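Numbering (our numbering), first residue to last: 445 to 720. The beta-carbon is built from N, C-alpha and C at its ideal position, and this holds for glycine as well. The structure presented is a predicted model; accordingly, all values stated were derived computationally and were not measured.
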């Protein structure tokens, strides 16, 4: 891998990770276009670590407030910390559901689903879901203090759909959160914070895939550069998405998903089996 290609992978991962457009689909498409094959998820998860570090640093105040409030209510039972305690519980519940079902479904996802046609179909579904939530569903008013356990369960189930190549994790959590009646600000915050345990958990599960062969294949310098670039563009992606959703519509992401699906369908060899 050349240094330029490492930078390209970092930019693609960083920009696409938190936008509702499926970072997995973008990494796979980039691999195919550049002619690379990375066995398993080792490289993708390595880049995900850079993205989750960006979330932790950007939302460190929110994260610390949830952790502080969680343990403060747990030990002191203070009324003012109760909403933060339950918000923390809802993050754990959604993560647990995603983790358990994700492990079960990952064995069910056959090679027949790891194809360009499947990615194109999943991107189309993501686009349709974004259009539905934007045009045909009234935004709710729930915030973190009025969320319920049912909301957390639904979001956890929705997030599990991201095991399907081309289904966006951020997109699915945003759509289900809004369907559950959360206001847009809370849905976005919940989605970002939820990415932290999910990505860290998937990294732990894939530690055995980080081998010397993988490092040699990509190159230590290229891995470092890809990590730094991913981190930088993840920060940009987070800031841009938050500001974008304050004044614009999810439908633009839907149109992008449709365009990308058409590109995959027309220009990626349909017989390709993707190793993810």
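Assigned secondary structure, residue i (DSSP; H/G/I helix, E/B strand, else coil)
| i | result |
| --- | --- |
| residue 626 | strand |
| residue 657 | helix |
| residue 634 | helix |
| residue 678 | helix |
| residue 714 | coil |
| residue 532 | helix |
| residue 690 | helix |
| residue 446 | coil |
| residue 663 | coil |
Outcome for residue i when other beta-carbon atoms lying within 10 angstroms are tallied against a minimum of 16
| i | result |
| --- | --- |
| residue 713 | exposed |
| residue 696 | exposed |
| residue 692 | exposed |
| residue 534 | buried |
| residue 477 | exposed |
| residue 607 | buried |
| residue 447 | exposed |
| residue 547 | exposed |
| residue 580 | exposed |
Same chain only: Cβ atoms within 7 Å of residue i, ignoring 5 sequence neighbours per side
| i | result |
| --- | --- |
| residue 763 | Given a span of 445 to 720 for the chain in the structure shown, any question on residue 763 remains unanswerable. |
| residue 598 | 620, 624 |
| residue 502 | 679, 682 |
Neighbourhood of residue i by C-beta, 8 Å cutoff - its chain only, sequence neighbours within 5 removed
| i | result |
| --- | --- |
| residue 642 | 539, 542, 543, 603, 613 |
| residue 584 | 622, 624, 625, 626, 627 |
| residue 451 | 669, 670, 673 |
Cβ-based neighbour list, residue i, same chain, cut-off 6 Å, excluding 5 preceding and 5 following
| i | result |
| --- | --- |
| residue 571 | 698, 701, 702 |
| residue 545 | 604 |
| residue 705 | 564, 567, 568 |
4 or more residues per run - each alpha helix (DSSP H) lying fully within the stretch 539-622: 560-579, 593-604
Inter-stretch contact at 8 Å, needing at least 3 Cβ pairs: the stretch 628-640 / the stretch 655-673: Counting Cβ pairs under 8 Å, fewer than three are found: no touch.
Flag this pair as touching only if the stretch 625-634 and the stretch 579-590 have three or more C-beta atom pairs under 8 Å; answer yes or no. With a cut-off of 8 Å on Cβ pairs, the stretch 625-634 is in contact with the stretch 579-590, counting three or more such pairs.
If you scan the stretch 462-529 from start to end, which runs of the alpha helix (DSSP H) of 4 or more residues do you find wholly inside it? 467-478, 486-502, 504-520
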